[in-house]
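J.:
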Amino acid sequence: MAPTKKTGKRSALQDVVTREYTIHLHKRVHGRSFKKRAPWAVKSVVQFAQKAMGTQDVRVDPKLNQELWSQGIKNVPHRIRVRLERKRNDDEDAKEKLYTYATFVPVVSFKGLETTVLHALIIEVINKLITNSTDTALNYIVLQHLLLSSIHFFHQKYHEYYSAFRKSSFTNYKQTLPYWTFYYVPRLVFELMA
45 MAPTKKTGKR
55 SALQDVVTRE
65 YTIHLHKRVH
75 GRSFKKRAPW
85 AVKSVVQFAQ
95 KAMGTQDVRV
105 DPKLNQELWS
115 QGIKNVPHRI
125 RVRLERKRND
135 DEDAKEKLYT
145 YATFVPVVSF
155 KGLETTVLHA
165 LIIEVINKLI
175 TNSTDTALNY
185 IVLQHLLLSS
195 IHFFHQKYHE
205 YYSAFRKSSF
215 TNYKQTLPYW
225 TFYYVPRLVF
235 ELMA
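Per the numbering used here, the very first residue in the sequence shown carries number 45; after that it's consecutive.
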């Protein structure tokens, strides 16, 4: 296979991205002494974020840290779902232009979960386009693309939560995302387009 042609510049839109990963902590702390497992789990999350997002500056959310330490120093959770957000660094004295912020994502089950790219940046760009543009045809096209991407995103999330809900035996409905969000949010975008 021929090598792909690389483009010279990377845009800022490609740099800022949000992804959700499942990190298998059990294999990362295997063989560590009991009193070093939770600190090593935090370090391994940072190393994973550095490798996945390509930034040396990784900041861990306190809730993620609490979840890693929730079962004590030696009983680290086997797996953890993490949202990694690559953001622009506003500090003028910073060595790097970008940093990664790692947050905890609570899930019912890890079965069937894959790495997902969240489209918050696309929605932000579309909002800027709409507010800066006076062309109604352009606004209509942008809203169409927003609608298609939101329907795809909500459809994907609906199947994740629905399958997790069917496989679990819990009765607390607040632990899952309500089903009506997948019905009303795309309809709301339809009404905005009309």
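The beta carbon of each residue, even a glycine, is placed where N, CA and C say it ideally should be.
Helix, strand or coil for A146? Go by DSSP, reduced to three states.
T.: Counted from its first residue, the sequence shown places residue 146 at position 102. Three-state DSSP puts A146 in a strand.
J.: Report the CB separation of L108 from V126 in whole angstroms; it is logged as a contact under 8 Å.
T.: Locating residue 108 in the sequence shown gives position 64, where the first residue counts as 1. Locating residue 126 in the sequence shown gives position 82, where the first residue counts as 1. With a Cβ gap of about 7 Å, L108 and V126 count as contacting.
J.: For H74, which three-state DSSP category applies?
T.: The count along the sequence shown starts at 1 and reaches residue 74 at position 30. Looking at H74 - three-state DSSP - the assignment turns out to be coil, as it is neither helix nor strand.
J.: Please look up how many angstroms separate the CB atoms of R81 and K118, rounded, as I've assumed it's under 8 Å.
T.: Taking the first residue of the sequence shown as position 1, residue 81 is located at position 37. Taking the first residue of the sequence shown as position 1, residue 118 is located at position 74. At roughly 5 Å, the Cβ-Cβ gap stays under 8 Å, so R81 and K118 are in contact.
J.: T159: buried (16+ other C-beta within 10 angstroms of its C-beta) or exposed?
T.: Here residue 159 is taken as the residue at index 115 of the sequence shown, counted from 1. It counts as exposed.
J.: With distances taken Cα to Cα, identify the nearest neighbour of I124 among G116, D59, F154.
T.: The residue you call residue 124 lines up with position 80 of the sequence shown. Of the listed residues, the one whose Cα sits closest to I124 is F154.
J.: Does the Cβ of F78 have 16 or more other Cβ atoms within 10 Å, making it buried, or fewer, making it exposed?
T.: Indexing the sequence shown from 1 puts residue 78 at position 34. So F78 counts as exposed.
J.: So, with DSSP's three-state summary, where would you put V90?
T.: Within the sequence shown, numbered from 1, the residue matching residue 90 stands at position 46. In this structure, V90 counts as helix in the three-state DSSP scheme.
J.: Could you give the distance in angstroms between the alpha-carbon of Q110 and the alpha-carbon of T66?
T.: In the sequence shown, residue 110 corresponds to position 66, counting from 1. In the sequence shown, residue 66 corresponds to position 22, counting from 1. Spanning the two alpha carbons is a distance of roughly 17 Å.
J.: Could you work out which residue in V152, F148, R63 is closest to S26 when comparing CA atoms only?
T.: The first residue shown for the chain is 45 and the last is 238, placing residue 26 beyond what the model contains.
J.: Which partner residues of T131 appear in the DSSP bridge assignment?
T.: To locate residue 131, count along the sequence shown from 1; it is residue 87. Per the sequence shown, residue 131 should be read as Lys rather than Thr. Y143.
J.: Which class does E111 belong to by DSSP, given the choice of helix, strand or coil?
T.: Residue numbering aside, residue 111 sits at position 67 when the sequence shown is read from its first letter. Helix, per DSSP.
J.: Residues in its own chain within less than 7 Å of Q100 by CB, not counting five upstream and five downstream?
T.: Position 56 of the sequence shown, counting from 1, holds the residue named residue 100. So the qualifying residues of the chain are Q94, E140.
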